[in-house]
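Accompanying notes for the structure given below.
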């Protein structure tokens with residue numbers, strides 16, 4: 032993650048001068064502010080700003096005049112209750128602003144989460160940097176043979192080498208051509224908004240992304256999930272580590288009820304109750320399709 | 032605005048202990064934090080938290096690594112450019128959290144602004160306070176005779192007295208009955224979620240309301256407007272005064288381009304150009320309807 | 032539900048003249064169009080328009096050129112898969128527009144669902160009708176003694192009579208006063224936007240409400256739930272019956288996975304697995320709080 | 032726009048069988064349904080479904096029981112009034128669903144409009160087609176020398192030829208490599224979700240996009256504007272032609288007040304008033320910056 036010395040100096044400058052505030056503060060998040068947590072080969076996640084902390088969730092839920100109770104126990108119980116019963120509005124009272132550097136094909140998945148604010152680096156206005164995501168060998172996976180949108184075994188030997196060679200050389204060549212088309216040296220130079228169309232989806236872009244905690248939890252549940260594509264999952268995991276330091280109680284409830292939780296259908300509940308009563312249930316008399324049954328038994332045996 | 036001594040003490044406690052932060056700070060907004068700005072007879076607006084300042088708008092617009100330029104001039108020019116050209120995303124990078132106490136009929140207008148987060152005091156769960164909005168005499172206006180949704184002259188004499196008497200006595204009686212129905216003294220006591228239905232729309236409720244600056248400007252443009260109902264306008268004006276201290280440059284641009292600005296239709300542009308060329312234009316040859324023409328001449332003579 | 036003869040005639044007129052369309056049609060929903068399904072004492076739900084059907088969900092999920100497969104089996108399997116795995120966008124491709132008449136205290140809960148379009152009857156512009164929700168005796172419930180936001184036993188005898196008398200007489204008196212303040216007979220007449228503040232929360236309002244199927248399912252899951260207040264639940268149930276006729280396959284999946292389903296926390300999964308293995312687990316060694324354990328055993332014994 | 036014979040047959044089949052409906056119908060839009068309006072070299076816009084028409088806007092604004100007035104004049108006046116005064120909710124009561132085929136760099140701009148529903152063809156799940164946007168010679172523009180995000184003169188001669196050659200050969204080569212990496216002929220075959228990263232931003236994707244009329248007008252105002260990039264503007268213009276046939280009255284108001292309209296700042300109003308009074312105003316005493324003055328005089332001379 033090659034931040035330039037100038038960029039590192041700007042970050043250091045921002046971290047050098049604490050200022051007094053009367054707002055709610057999260058010590059855990061202050062420690063992260065502005066620093067770039069590296070992700071993939073050239074990407075990062077940086078916390079630019081945050082609003083609120085665990086106490087702010089409680090304060091909003093109670094529409095209170097002060098800062099909430101002093102008893103941490105009560106706050107924790109309330110936060111877990113709110114999470115368990117799908118209350119969303121108190122969690123929306125916390126907000127996070129990130130600066131993210133990420134490949135375009137990851138950005139295209141990410142942007143599907145619409146309830147967030149985004150300010151992206153403009154390739155109409157500016158020139159893109161020569162930085163491309165090239166997977167590490169252990170992440171160069173074959174198409175899954177059982178799941179149309181999944182990965183199978185890691186590629187090996189000559190095939191892996193061929194793929195890496197293609198990715199690297201196409202990135203280099205398309206970027207050379209991008210520069211060549213833009214060049215105003217002895218020619219007019221193609222408009223930036225047109226030249227960018229030659230760049231592949233593994234080039235890095237950047238954006239500021241701002242989201243409330245409720246919608247962030249939704250993002251993390253979907254994107255830190257094992258079914259998410261590896262290249263977005265590592266971003267979600269990096270963010271999750273920051274959130275754990277920011278709002279530890281809310282994050283604990285999220286881990287228990289959402290990340291570690293599961294949703295059972297009415298049919299699945301019925302099967303489990305029969306099993307608890309000692310009955311042996313087969314797919315045929317479960318009422319579930321084969322696909323549902325397979326997913327069910329992966330969890331419950 | 033009768034805050035209890037306990038509530039005032041809680042607010043004082045929150046303002047007594049500044050803590051260090053590395054985040055962007057707005058000195059102007061720190062001065063407002065937690066204090067209750069009174070609105071109407073029992074209402075208020077309090078800033079609970081904020082994210083960002085003028086520099087944060089610039090920083091997001093530039094997707095920058097540091098805190099933006101040092102030259103205030105450049106920042107101001109960019110912010111005005113962004114406002115003039117309807118850029119919304121950089122303004123979305125600032126966020127405000129308010130605690131508001133307001134009559135229910137005002138809350139029902141307010142909630143129509145959907146792009147915001149709300150946590151309202153629950154009358155299913157808790158008992159409402161005995162506080163009702165009773166207009167001051169100078170705001171007791173007659174129905175407009177020209178505008179179906181506007182006000183005319185102020186009521187006078189016996190009629191004004193009758194109206195005030197009705198509002199006060201109905202408020203008192205319905206609240207007495209509310210308490211009587213809830214009472215568990217010698218009876219079961221009606222469920223809170225049912226008893227509340229007897230309370231009129233001028234009773235006060237409270238909520239936490241969180242919104243980004245772009246959507247807040249939209250709210251202010253519609254609700255601080257002379258066409259807005261007086262009782263919501265005073266809330267918008269109280270908020271506007273806080274925003275002016277929070278992000279003075281952005282607020283200045285907002286005042287010039289939105290609050291002080293106007294939108295001309297294609298027809299209105301054509302009429303103005305003919306006038307500038309010395310022509311006298313009448314409604315008949317303006318292409319405008321009578322209503323449009325009246326609104327046009329109110330501004331341009 | 033007193034629709035006037037004029038209103039009924041307008042509805043009959045709308046139902047009298049089918050017109051040809053090339054759009055996707057749902058026979059089940061055509062049967063509901065425009066008719067008012069009565070809810071509570073004066074309320075109703077009417078379908079004004081709809082977009083899409085079960086096949087449209089499949090068509091969007093496949094980004095297809097035609098109308099989807101001919102095999103209903105495949106479509107059903109895909110819709111159930113999408114529901115099971117929390118895919119939201121294909122369900123967003125169906126849209127419903129309703130005309131609803133409902134008490135204001137119900138409207139205030141309803142509007143909290145922000146991802147919808149609303150056009151409400153304006154009490155600034157128009158005069159409200161003299162129609163109030165008065166609960167039927169069997170819905171006049173006492174405050175729950177175990178749940179702060181729930182209902183207990185039905186009120187009986189003299190207490191029930193007193194409550195009904197209060198609700199009726201306060202509704203009548205406040206409405207009389209509303210009319211008296213508005214009257215321009217021998218006086219100026221108070222502005223409508225002010226007079227409305229005297230009306231209690233059980234007066235009926237009306238709105239057009241438009242929502243996509245994904246967000247409608249979310250609304251139904253929360254509002255057709257036994258924990259929802261009875262007075263909004265009956266609206267949700269009336270809508271659910273229409274949705275069942277509109278998109279029967281999607282509604283079936285929704286019933287199985289959402290309405291009939293349940294979410295287990297990581298701790299709850301662990302307890303169930305221990306039980307399935309024959310172990311007896313107590314609250315103390317479950318890792319759950321008392322509240323969680325009580326909710327858990329209500330389902331699993 | 033190479034639709035396959037199978038796709039054209041599917042579209043013909045959908046258009047061949049009108050069915051009766053009781054819903055509001057727009058004859059103008061029925062004529063467009065399912066047909067692919069070609070855009071750029073391989074793209075298109077197809078209307079898949081719509082909800083509402085001009086009368087539905089009026090009906091919602093009046094929260095009416097029937098279909099609105101019979102007098103077209105009244106409806107038109109109301110729609111123009113609603114547009115002039117920035118009422119948004121009645122326009123939200125109409126909805127449009129499109130199937131769009133578009134280059135990825137256009138899709139990335141388009142998706143920034145968040146208040147819409149999207150279902151995109153998945154390159155994790157499926158294999159992309161070999162179709163790339165290659166600009167026509169007259170759209171191969173140089174970088175603007177005055178506007179960082181604009182186009183200047185058209186490229187000519189050898190430079191234009193070089194650019195076209197680059198775009199074509201890089202598209203062909205990266206797609207060849209895409210297929211080569213995916214191939215399972217004698218090798219495992221790279222996962223689709225990884226192989227796609229080699230494809231440039233001018234490859235075509237497809238999506239279903241559904242939006243309400245208010246947000247669609249906002250999209251059209253920004254994207255059918257001369258400042259928008261040509262490659263998205265042609266999509267906006269194709270959609271605008273369909274909307275003009277769908278809701279001709281609302282579209283007429285939109286053209287007059289939005290597309291043909293302009294927003295004046297407070298400073299600009301003051302200058303125009305001075306000019307109307309016969310005064311000559313210069314930039315120096317206008318209170319405007321040079322940039323604002325230049326934009327002002329471009330309109331007003």
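Chains as they are written, first to last, in my numbering: chain A, 32 to 332; chain B, 32 to 332; chain C, 32 to 332; chain D, 32 to 332. Even glycine gets a Cβ: it sits at the ideal position worked out from N, Cα and C.
Is the beta carbon of residue j closer than 8 Å to that of residue i?
| i | j | result |
| --- | --- | --- |
| residue 77 of chain B | residue 130 of chain B | yes |
| residue 327 of chain B | residue 299 of chain B | yes |
| residue 64 of chain B | residue 46 of chain B | yes |
| residue 71 of chain A | residue 265 of chain A | yes |
| residue 59 of chain D | residue 279 of chain D | yes |
| residue 228 of chain B | residue 152 of chain C | no |
| residue 261 of chain D | residue 132 of chain D | no |
| residue 267 of chain A | residue 251 of chain A | yes |
| residue 55 of chain C | residue 92 of chain C | no |
| residue 205 of chain B | residue 231 of chain B | yes |
| residue 97 of chain A | residue 44 of chain B | yes |
Return the Cβ separation of residue i and residue j in integer angstroms, given the expectation that the two are a contact with Cβ distance under 8 Å.
| i | j | result |
| --- | --- | --- |
| residue 94 of chain C | residue 150 of chain D | 6 Å |
| residue 174 of chain D | residue 223 of chain A | 6 Å |
| residue 61 of chain B | residue 52 of chain A | 6 Å |
| residue 212 of chain C | residue 197 of chain B | 6 Å |
| residue 67 of chain B | residue 269 of chain B | Not confirmed; about 10 Å, so no contact. |
Using the beta-carbon of each residue, which ones in chain B are nearer than 8 Å to residue i?
| i | result |
| --- | --- |
| residue 97 of chain A | 38, 41, 42, 44 and 45 |
So with CB distances below 9 Å, who are the chain C contacts of residue i?
| i | result |
| --- | --- |
| residue 108 of chain A | 320 and 322 |
| residue 115 of chain A | 294, 296, 322, 323 and 326 |
Note down, in chain order, every chain D residue with its Cβ under 7 Å from the Cβ of residue i.
| i | result |
| --- | --- |
| residue 230 of chain A | 231 and 232 |
| residue 121 of chain C | 150 |
List the residues of chain A that residue i touches, going by C-beta distances under 9 Å, in chain order.
| i | result |
| --- | --- |
| residue 57 of chain D | Ordered by position in chain A, no residue passes the 9 Å Cβ test against residue 57 of chain D, which lies about 28 Å from the chain. |
Taking CB distances under 8 Å as the criterion, tell me whether residue i reaches chain B.
| i | result |
| --- | --- |
| residue 307 of chain D | yes |
| residue 208 of chain C | yes |
| residue 267 of chain C | no |
| residue 291 of chain D | yes |
| residue 172 of chain C | yes |
Can you name the residues of chain C whose CB is closer than 7 Å to the CB of residue i?
| i | result |
| --- | --- |
| residue 238 of chain D | 94 |
| residue 49 of chain D | 51, 52 and 53 |
Chain B partners of residue i, CB-CB under 9 Å?
| i | result |
| --- | --- |
| residue 156 of chain C | 179 and 180 |
| residue 263 of chain D | Within 9 Å Cβ-Cβ: nothing; residue 263 of chain D doesn't reach chain B, min ~16 Å. |
When you compare the CB of residue i with every CB in chain D, is at least one pair closer than 8 Å?
| i | result |
| --- | --- |
| residue 82 of chain C | yes |
| residue 287 of chain B | yes |
| residue 273 of chain C | no |
Spell out whether any CB of chain A is found under 8 Å from the CB atom of residue i.
| i | result |
| --- | --- |
| residue 192 of chain D | no |
| residue 303 of chain C | yes |
| residue 66 of chain B | no |
| residue 201 of chain D | yes |
| residue 250 of chain D | no |
Determine, using beta carbons only, whether residue i comes closer than 8 Å to chain C.
| i | result |
| --- | --- |
| residue 105 of chain D | no |
Name the chain B residues that come within less than 7 Å of residue i, Cβ to Cβ?
| i | result |
| --- | --- |
| residue 166 of chain C | 225 |
Can you pull the chain D neighbours of residue i, defined as C-beta to C-beta under 8 Å?
| i | result |
| --- | --- |
| residue 124 of chain C | 128, 148, 150, 239 and 241 |
Applying a beta-carbon distance threshold of less than 9 Å, which residues of chain D neighbour residue i?
| i | result |
| --- | --- |
| residue 253 of chain A | Result: empty, since nearest Cβ-Cβ is about 14 Å, beyond 9 Å. |
Sequence ranges, alpha helix (DSSP H) only - wholly within the stretch 196–273 of chain B, length at least 4: You should have 223–226 and 244–254.
Entirely enclosed beta strand (DSSP E) segments - the stretch 146–202 of chain A, minimum 3 residues: For the stretch 146–202 of chain A, whole beta strand (DSSP E) runs of length 3 or above, ordered along the chain, are 148–151, 172–174 and 182–185.
Continuous beta strand (DSSP E) assignments of at least 3 residues falling wholly in the stretch 280–315 of chain D: DSSP runs (the beta strand (DSSP E)) wholly in the stretch 280–315 of chain D: 293–295.
Sequence ranges, alpha helix (DSSP H) only - wholly within the stretch 63–139 of chain B, length at least 4: As far as the stretch 63–139 of chain B is concerned, its whole alpha helix (DSSP H) runs of at least 4 residues are 85–92 and 103–115.
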